[in-house]
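The structure appears right after this line, and notes come after that.
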Amino acid sequence: MATERTFSIIKPDATRRNLTGRVNAMIEAAGLRIVAQKRLHMTRAMAEEFYGVHRERGFFSDLVTFMISGPVVVQVLQGEGAVLKHRDIMGATDPKKAAAGTIRAELAESIEANSVHGSDSAENAATEIAFFFAGIELVG
Ligand code: ATP
Ligand code: MG
Numbered sequence: 370m371a372t373e374r375t376f377s378i379i380k381p382d383a384t385r386r387n388l389t390g391r392v393n394a395m396i397e398a399a400g401l402r403i404v405a406q407k408r409l410h411m412t413r414a415m416a417e418e419f420y421g422v423h424r425e426r427g428f429f430s431d432l433v434t435f436m437i438s439g440p441v442v443v444q445v446l447q448g449e450g451a452v453l454k455h456r457d458i459m460g461a462t463d464p465k466k467a468a469a470g471t472i473r474a475e476l477a478e479s480i481e482a483n484s485v486h487g488s489d490s491a492e493n494a495a496t497e498i499a500f501f502f503a504g505i506e507l508v509g
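With the numbering used here, the residue at position 26 of the sequence shown is 395, and numbering never jumps.
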């Protein structure tokens, strides 16, 4: 499998509980390298655009309000099969269904406040990385 990059967000429920380091330790233990990282507070417009694919879903408005309820940490992760590997260590969207040892099983509060986001394809990863980072901010 080739080295690739994926995009990650440590969500407001996790930054609020001071869990950035815990999440990063789990990412690094899985063999992924954090090649870019910054903490920011998304505007409503940014969150609506970022989660635009979910615009028609019933939970969209609550999701956007949650994502702007506090700071997030946005990251670029690099490694062998990074997209799938990161989805594996995050666990299922609903922490009640997430496998033991995954970030969401260990740390998430609910299906909405589920601590982390990860790109679901290499193509979406490239779009999401470009949304938050300039090329010179990625240091492999
Ligand atoms: P993410 O895109 O954040 O990595 P995901 O790919 O596991 O998560 P999606 O289906 O893309 O899940 O949903 C995006 C986000 O919307 C979820 O991570 C969660 O925060 C929220 N969400 C998804 N389903 C629900 C739901 N049924 N009720 C409330 N919030 C939800
Ligand atoms: Mg998703």
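Cβ atoms here follow ideal geometry from the backbone N, Cα and C, with glycine treated the same way.
Note that this is a predicted model, so its numbers are computed, not measured.
Rounded straight-line distance, which links the Cα of residue j to that of residue i
i, j, result
"D463", "G504", "33 Å"
"S430", "Q406", "26 Å"
"H410", "A491", "25 Å"
"D449", "F502", "The identity of residue 449 in the sequence shown is Glu, whereas the question assumes Asp. Their backbone Cα atoms lie some 21 Å apart in a straight line."
"L507", "K465", "34 Å"
"V422", "Q444", "20 Å"
"T384", "M370", "32 Å"
"D382", "S479", "10 Å"
"T372", "T496", "17 Å"
Bounding residues of the alpha helix (DSSP H) (the contiguous stretch that carries residue i)
i, result
"E492", "491 to 501"
Residue range of the beta strand (DSSP E) that includes residue i
i, result
"F428", "F428 -> no beta strand (DSSP E), and no H or E assigned at all."
"T375", "372 to 379"
Cβ-Cβ distance between residue i and residue j below 8 Å
i, j, result
"I498", "R391", "no"
"V442", "R386", "no"
"A474", "G460", "yes"
"L446", "I396", "yes"
"F376", "A494", "yes"
Check whether the stretch 436 to 445 touches the stretch 468 to 477, taking contact to mean three or more Cβ pairs, one atom from each stretch, closer than 8 Å. no
Between the stretch 444 to 458 and the stretch 476 to 490, do three or more beta carbon pairs fall short of 8 Å? yes
Sufficient close CB pairs (3 or more, under 8 Å) joining the stretch 415 to 428 to the stretch 394 to 406: no
Anything with a beta carbon under 7 Å from a heavy atom of ligand 2 counts; list them all in chain order. H486, D489
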